[in-house]
Amino acid sequence: MTWNDILTEEFNKAYFKELLDFLKKEELITTILPKKEDWFKAFKLTPFDKVKVVIIGQDPYHGLNQAHGLAFSTLEEKLPPSLKNIFKELVSDLQVNYPKNGNLTKWANEGVLLLNTILTVSLSEPLSHKNKGWELFFERIISELNKNDRPLVFILWGNNAIYYEKYLTNKKHLIHKSSHPSPLSARVSFFGSKPFSKTNNFLIKNNVKPINWDLS
Numbered sequence: 011m012t013w014n015d016i017l018t019e020e021f022n023k024a025y026f027k028e029l030l031d032f033l034k035k036e037e038l039i040t041t042i043l044p045k046k047e048d049w050f051k052a053f054k055l056t057p058f059d060k061v062k063v064v065i066i067g068q069d070p071y072h073g074l075n076q077a078h079g080l081a082f083s084t085l086e087e088k089l090p091p092s093l094k095n096i097f098k099e100l101v102s103d104l105q106v107n108y109p110k111n112g113n114l115t116k117w118a119n120e121g122v123l124l125l126n127t128i129l130t131v132s133l134s135e136p137l138s139h140k141n142k143g144w145e146l147f148f149e150r151i152i153s154e155l156n157k158n159d160r161p162l163v164f165i166l167w168g169n170n171a172i173y174y175e176k177y178l179t180n181k182k183h184l185i186h187k188s189s190h191p192s193p194l195s196a197r198v199s200f201f202g203s204k205p206f207s208k209t210n211n212f213l214i215k216n217n218v219k220p221i222n223w224d225l226s
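So for the sequence shown, the numbering used here puts the first residue at 11; every next one is plus one.
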């Protein structure tokens, strides 16, 4: 099984063709983020058979030049508040240096699938592409990952991500969940949840090479 097998099948379904029609119309009246060539970047950087960890985001950053196809990742110098909190927990959990920038491509190359449940957004309009078809697409992706014989870690931050726990029925996998890293909820259960060390402990226990989370 490869991403190409899964994606090709989904691209031919009626709901996905309707989604593309919606996106074409949106392109005529606004800017869609991220750039079209980055919509499926997470799949390009983290092949199906290389996935070790799945971090679920909601929809892309809606500021110009912020999103580039990986959940929570940004190429902008100014870090979004949620990413700042992710980095605070990273430093606290693993005692690594605070990352120099917000680009999480290194994690993707390590086997961390950084995937939003909605892969596009209109400029300055958060959740503007909700209920247009991306959620159906994501359900297929998460279901295929759940079938995987290899032990995976699913990191669910916040209620939107936790909603998809119902698709994760394979007992081989680890589900790590907490509140969202957003400033509104990080103190509920995100800070101190140690997602990075717990992930690596699980991988090591299952004879899988751990993730090098250090971005410094």
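The C-beta atom is built at its ideal place from N, Cα and C for all residues, glycine as well.
Keep in mind it's a predicted model, so treat the numbers as computed, not measured.
Collapsing the DSSP output to three states places Ser-199 in a helix. Per DSSP, Trp-167 is one residue of the beta strand (DSSP E) stretching across 163-167.
For the 9 Å CB-CB criterion, Gly-73 and Trp-49 do not form a contact. Around the C-beta of Gln-76, 16 or more other C-beta atoms lie within 10 Å, and the residue is accordingly described as buried. By the neighbour-count criterion, in which 16 or more other beta carbons inside 10 Å mark a residue as buried, Ser-188 falls on the buried side. For Leu-133, there is no enclosing beta strand (DSSP E), as DSSP marks it with neither H nor E.
For Val-63 against Val-122, the beta-carbon gap comes to about 5 Å, under 8 Å, which counts as contact. When Thr-40, Val-61, Glu-28, Thr-18 are compared, the shortest CA-CA separation from Lys-219 is found for Val-61.
Counting along the chain, the unbroken beta strand (DSSP E) around Ser-188 starts and ends at 184-188.
For the stretch 69-153, the full-length alpha helix (DSSP H) segments reaching 4 residues or more read 91-104, 115-120 along the chain.
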